[in-house]
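Numbering (our numbering), first residue to last: 1010 to 1159.
Just so you know, even glycine gets a beta-carbon here, dropped at the ideal spot from N, CA and C.
Here the structure is laid out as structure tokens; the discussion comes afterwards.
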């Protein structure tokens, strides 16, 4: 009974995650057309801030709800976040779990970054990591389908 409830919550979170991904993809498509080596307009900055917010939210949902939810369903210990991302590597979602840690760190930096020079570097990192996030998502969806969770 408890596992059934965990699967239900996981599937709801997966649906939320997929909605966030849809919006992230829209922002990414706009942002990747902008040259970050030139002076950014106010509109360019808004595009990147939107992308950064959506990236951060999606990474947060992935780690805190989706990967953690899989661990709950599969009766893994969820007390250490490091173990949660290590198991993502074991499941084949990433080649190296450290990529997830880097994404989480970037997410945290974006929340606290105020100097525009540093923001441009963070925006470049978001552009670099977003396709990796899409790749992780595709592997995750294949896994969920194979395991018949949702």
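Indicate the three-state DSSP secondary structure (helix, strand or coil) for residue 1106 in the structure shown.
Your numbering for residue 1106 matches position 97 in the chain shown. Here residue 1106 sits in coil by DSSP.
Tell me whether residue 1088 sits in a helix, a strand or coil according to DSSP, three-state version.
Within the chain shown, the letter at position 79 stands for residue 1088. Residue 1088 falls in the coil class under three-state DSSP.
Answer with yes or no whether the minimum CB distance from residue 1117 to chain C is below 8 Å.
Considering every chain present, this structure includes no chain C. It has just one protein chain.
What distance in whole Å lies between the Cβ atoms of residue 1074 and residue 1022, which are believed to be in contact at a cut-off of 8 Å?
Here residue 1022 refers to the residue found at position 13 of the chain shown. Here residue 1074 refers to the residue found at position 65 of the chain shown. Confirmed, Cβ separation roughly 4 Å.
Please classify residue 1078: does DSSP put it in a helix, a strand, or coil?
Stepping through the chain shown from its first residue, residue 1078 is reached at position 69. DSSP places residue 1078 in helix when its eight states are reduced to three.
Quick check on this structure: which residue in 1026, 1090, 1050 and 1041 has the alpha carbon closest to the alpha carbon of residue 1070?
As a working note, residue 1070 is residue 61 in the chain shown. The residue with the shortest Cα to Cα distance from residue 1070 is 1026.
Of all the options 1011, 1096, 1130 and 1042, which has the alpha carbon lying nearest to the alpha carbon of residue 1056?
Along the chain shown, one-based indexing puts residue 1056 at 47. Checked all of 1011, 1096, 1130 and 1042; the closest Cα to residue 1056 is 1042.
With a Cβ-Cβ cutoff of 8 Å, do residue 1036 and residue 1063 count as a contact?
As a working mapping, residue 1036 is identified with position 27 in the chain shown. As a working mapping, residue 1063 is identified with position 54 in the chain shown. For residue 1036 and residue 1063, yes; Cβs fall inside 8 Å.
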